[in-house]
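**Q**
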Amino acid sequence: MSTGLLYALAGVLLFVMGMAGAIIMAGALRKILAFNIMGSGAFLVLVGLAQRDGIPDPVPQAMVLTGIVVAVASTALALALARRLAADGDEER
Amino acid sequence: MNLALVFDLLLALMLLWSAWRALAAPNATRAVVMFIVFGLFLTLAWGRLDAPDIALAEAAIGAGLTGALLLDAVRTLGESAGADAGGARSPWRWPVLAFSPLLAVILVVAVLEAPQQLVDLPAVVERNMGLSGVTHPVTAVLLNFRGYDTLLEVAVLLAALFGLLALAQGAASAATRESFLLHTLARLATPPMIVVAGYLLWAGAHQPGGAFQAAAVLAAAAVLLHLAGLLPAWVAPGRLLRLGLAGGLLVFLAVAILPLAHAPLLTYPPAWAGALILLVETALTVSLGLVLAGLFLFLSGRSLRDEETR
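Chains as they are written, first to last, in the numbering used here: chain A, 4 to 96; chain B, 18 to 327.
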């Protein structure tokens, strides 16, 4: 088994774990964590599977690089939404 | 089985374990800390996958900035927001737990039996490197061959920041920490961080590095200064800051549109490609640095309730 394939398989398991967490977990913060783990799993599959023959592939690497930056932006937006939800919930009480 | 594969196997297990702890830890702070640990293991994994560019970005953004954002959120949302859900209340708990292993098996088989790639992308990139204007393949893909993705990504980042600005409410709390040691260390660390950002930007043309990593280091410097109490949180962007936030996208757009008269979007003339990429990367470093810092600084300090009334 090559290094690439091993991490692709780990990525698959992380993706499934994150997806289950995102559905089951109740707190907004846990859902955001689960969503991030899901994304990291997808990144590992993308790069690992492309490099299962051991040759570095710059194309998926560049895609994942942009993906990480987009992931932090969406996390920040999700946290802003979570705060707003919590604040509005407080006002109603 | 050689030693390297044993290491990979252990690292993969640590990845799964830390991700599991991030989801299952009893309190929110511990969950976030485990998520940061997960990010650091992931950084090692990228190193093992010959992807130093991603490793740099993961360490600075995935583990660093995301971790800071999440910890700040735990502070303002309180432990309750991340309270151990356990899933007891979710009606989906048992169906999801039953279905997940099945999905995992299907996906594992799909990955193991994935067909060979029809196009040998590394070879295609290698063949065209001469036209790209840089010598580092990842930078060539990012800013030349697949520049379109990067252009839209910068737009997405800006859109996320707009959304965040629209949602943010509450007064920003003033920085109050008074610590001589913290202030001195933050002041000492900032100039080298700016130099490192400049180096990463310049290095991107021929070795791992580039605008994203440089921007992440700049943003980290801003977050550090803010946490040390030397830089107040941002409330609403003034004219100069707005220009800084949007400048990268505008420069990138201008460079993308320029060749439209005689060529498709984003075609750089090979003779100019190197200079144009450096121009775009410089603008992106400043703008993305500000945007990434903004994701933290616009959110930070806006507590749900006033700190005093607690």
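Cβ atoms here follow ideal geometry from the backbone N, Cα and C, with glycine treated the same way.
Being a predicted model, the structure only gives us computed values, none of them experimental.
Jot down the residue ranges of each uninterrupted beta strand (DSSP E) in the segment 256-315 of chain B, minimum 3 residues, whole runs only, in chain order.
**A** Runs found: none.
**Q** Give the C-beta separation of A:D108 and B:P139 to the nearest angstrom, bearing in mind that I take them to be a contact with Cβ-Cβ under 8 Å.
**A** Any question about residue 108 of chain A goes unanswered here, given that chain A covers just 4 to 96.
**Q** Do you know whose CA, among B:W37, B:R92, B:A77, B:L198, lies nearest B:T46's CA?
**A** The sequence position of residue 46 of chain B within the second sequence is 29, counting from 1. The shortest Cα separation from B:T46 among B:W37, B:R92, B:A77, B:L198 belongs to B:R92.
**Q** Leaving out five residues on either side along the sequence, give the residues of the same chain with a beta carbon under 8 Å from the beta carbon of B:A290.
**A** Position 273 of the second sequence, counted from the start, is the residue given in the question as residue 290 of chain B. Closer than 8 Å at the Cβ level, and outside the excluded window around B:A290, lie L148, S149, G150, V151, N161.
**Q** Report back the beta-carbon spacing between B:A90 and A:A85 to the nearest angstrom; my notes put them in contact at under 8 Å.
**A** The residue given as residue 90 of chain B occupies position 73 in the second sequence. The residue given as residue 85 of chain A occupies position 82 in the first sequence. Their Cβ separation, rounded to whole angstroms, is 7 Å, which keeps B:A90 and A:A85 in contact under 8 Å.
**Q** How big is the Cα-Cα spacing for B:P209 and B:V240?
**A** The sequence position of residue 209 of chain B within the second sequence is 192, counting from 1. The sequence position of residue 240 of chain B within the second sequence is 223, counting from 1. Taking the straight line from one Cα to the other gives about 15 Å.
**Q** Determine, for A:M41, whether the minimum Cβ-Cβ distance to residues of chain B falls below 7 Å.
**A** The count along the first sequence starts at 1 and reaches residue 41 of chain A at position 38. Cβ-Cβ to chain B under 7 Å: no for A:M41.
**Q** In this structure, does DSSP put B:T152 in helix, strand or coil?
**A** Sequence index remark: in the second sequence, residue 152 of chain B carries index 135 (1-based). Three-state result, B:T152: coil.
**Q** Cβ atoms of B:V158 and A:A105: under 7 Å apart, would you say?
**A** Missing from the structure shown is residue 105 of chain A; chain A here goes from 4 to 96 and no further.
**Q** Helix or strand or just coil, what does DSSP make of B:L135?
**A** As a position in the second sequence, residue 135 of chain B is number 118, starting the count at 1. The answer is coil: DSSP assigns B:L135 none of H, G, I, E or B.
**Q** Taking 7 Å as the threshold (beta carbon to beta carbon), is A:D2 in contact with chain B?
**A** Within the shown structure, residues of chain A are numbered from 4 to 96, placing residue 2 of chain A beyond reach of any answer.
**Q** In angstroms, rounded to a whole number, what distance separates the CA positions of A:I40 and B:A233?
**A** In the first sequence, the residue the question calls residue 40 of chain A occupies position 37. In the second sequence, the residue the question calls residue 233 of chain B occupies position 216. Taking the straight line joining both Cα atoms gives about 20 Å.
**Q** Using 7 Å as the limit for Cβ to Cβ distance, is B:W251 near chain A?
**A** Taking the second sequence and counting its residues from 1, one reaches residue 251 of chain B at position 234. Cβ-Cβ to chain A under 7 Å: no for B:W251.
**Q** Use the C-beta contact count for B:G255: other C-beta atoms within 10 angstroms, 16 or more gives buried, fewer gives exposed.
**A** In the second sequence, counting from the first residue as 1, residue 255 of chain B sits at position 238. When all chains shown are included, B:G255 counts as exposed.
**Q** Return helix, strand or coil for B:V173, following the three-state DSSP convention.
**A** Numbered from 1 along the second sequence, position 156 holds the residue referred to as residue 173 of chain B. Three-state DSSP puts B:V173 in a helix.
**Q** Determine, using beta carbons only, whether B:G104 comes closer than 7 Å to chain A.
**A** If you number the second sequence from 1, residue 104 of chain B lands on position 87. Because the pLDDT of B:G104 is 46, which lies under 50, any placement of that residue in the model is unreliable, and the question is left without a value.
**Q** What is the DSSP secondary structure of A:Q54, reduced to helix, strand or coil?
**A** Mapped onto the first sequence, residue 54 of chain A falls at position 51. Looking at A:Q54 - three-state DSSP - the assignment turns out to be coil, as it is neither helix nor strand.
**Q** May I ask you to check if the CB of B:L40 is nearer than 6 Å to at least one heavy atom of the ligand HEM?
**A** The ligand HEM is absent from the structure shown, which contains no ligands of any kind.
**Q** Whole angstroms is fine: what's the gap from B:A231's alpha carbon to A:A45's?
**A** Your numbering for residue 231 of chain B matches position 214 in the second sequence. Your numbering for residue 45 of chain A matches position 42 in the first sequence. Whole-angstrom Cα-Cα distance: 24 Å.
**Q** Under three-state DSSP, which class holds B:G226?
**A** Reading the second sequence from its first residue, position 209 is the one you call residue 226 of chain B. The answer is coil: DSSP assigns B:G226 none of H, G, I, E or B.
**Q** Once you ignore the five residues that flank B:T302 on each side, which residues in its own chain have a CB closer than 6 Å to its CB?
**A** Working through the second sequence from its first residue, we reach residue 302 of chain B at position 285. Cβ within range, chain order: L218, A228, A231, A232.
**Q** Comparing alpha-carbon positions, which option in A:A76, A:A89, A:G92 lies nearest B:E170?
**A** Your numbering for residue 170 of chain B matches position 153 in the second sequence. Ranking A:A76, A:A89, A:G92 by Cα distance to B:E170 puts A:A76 first.
**Q** Along chain B, which residues have their Cβ under 7 Å away from the Cβ of A:L3?
**A** This structure does not reach residue 3 of chain A, given that chain A is present from 4 up to 96, and the question cannot be answered.
**Q** Can you give me, in chain order, the residues of the segment 19-35 of chain A that have a beta carbon less than 8 Å from any beta carbon in chain B?
**A** So the close ones are V19, M20, G21, M22, A23, G24, I26, I27, M28, A29, G30, A31, L32, R33, I35.
**Q** Check the Cβ-Cβ distances between B:S35 and every residue of chain A, and say whether any is below 7 Å.
**A** Position 18 of the second sequence, counting from 1, holds the residue named residue 35 of chain B. Not an interface residue.
**Q** Around the Cβ of B:F315, are there at least 16 other Cβ atoms within 10 angstroms (buried) or fewer (exposed)?
**A** Taking the first residue of the second sequence as position 1, residue 315 of chain B is located at position 298. Classification for B:F315: buried.
**Q** Out of B:P43, B:L293, B:A288, B:V252, state which residue places its alpha-carbon closest to the alpha-carbon of B:V328.
**A** Residue 328 of chain B falls outside the range modelled here, since chain B spans only 18 to 327, and no answer is possible.
**Q** So, are the CB atoms of A:V67 and A:L52 less than 7 Å apart?
**A** Within the first sequence, the letter at position 64 stands for residue 67 of chain A. Within the first sequence, the letter at position 49 stands for residue 52 of chain A. No, the pair does not count as a contact, with Cβ atoms beyond the cut-off.
**Q** Closest by CA to B:L247, which one among B:A278, B:A203, B:G264, B:V141?
**A** Numbered from 1 along the second sequence, position 230 holds the residue referred to as residue 247 of chain B. The option with the nearest alpha carbon to B:L247 is B:A203.
**Q** For B:L129, which residues from the same chain have a beta carbon less than 8 Å from its beta carbon, with the 5 sequence-adjacent residues on both sides left out?
**A** The sequence position of residue 129 of chain B within the second sequence is 112, counting from 1. Same-chain partners within the cutoff: there are none.
**Q** Would you identify the three-state DSSP class for A:A81, choosing helix, strand or coil?
**A** Along the first sequence, read from residue 1 onward, the residue named residue 81 of chain A stands at position 78. Residue state, collapsed to three classes: helix.
**Q** Let me see if you follow: with CB-CB separation under 7 Å, is B:L159 close to chain A or not?
**A** Working through the second sequence from its first residue, we reach residue 159 of chain B at position 142. Yes, B:L159 counts as interfacial toward chain A.
**Q** Using the Cβ count rule (16 or more neighbours within 10 Å means buried), how would you classify B:Q134?
**A** Here residue 134 of chain B refers to the residue found at position 117 when the second sequence is read from its first residue. The residue is exposed, with fewer than 16 neighbouring Cβ atoms inside 10 Å.
**Q** Between B:G81, B:A42, B:A41, which lies nearest to B:I353 when the distance is taken from Cα to Cα?
**A** Nothing can be reported for residue 353 of chain B: it is not among the residues displayed for chain B, which extend from 18 to 327.
**Q** Would you check if the segment 8-15 of chain A and the segment 113-131 of chain B touch, i.e. whether three or more CB-CB distances between them fall below 8 Å?
**A** Yes, the segment 113-131 of chain B touches the segment 8-15 of chain A.
**Q** Counting only C-beta atoms, is A:A37 closer than 7 Å to chain B at any point?
**A** For the purposes of this step, residue 37 of chain A is identified with residue 34 of the first sequence, where counting begins at 1. So, interface residue.
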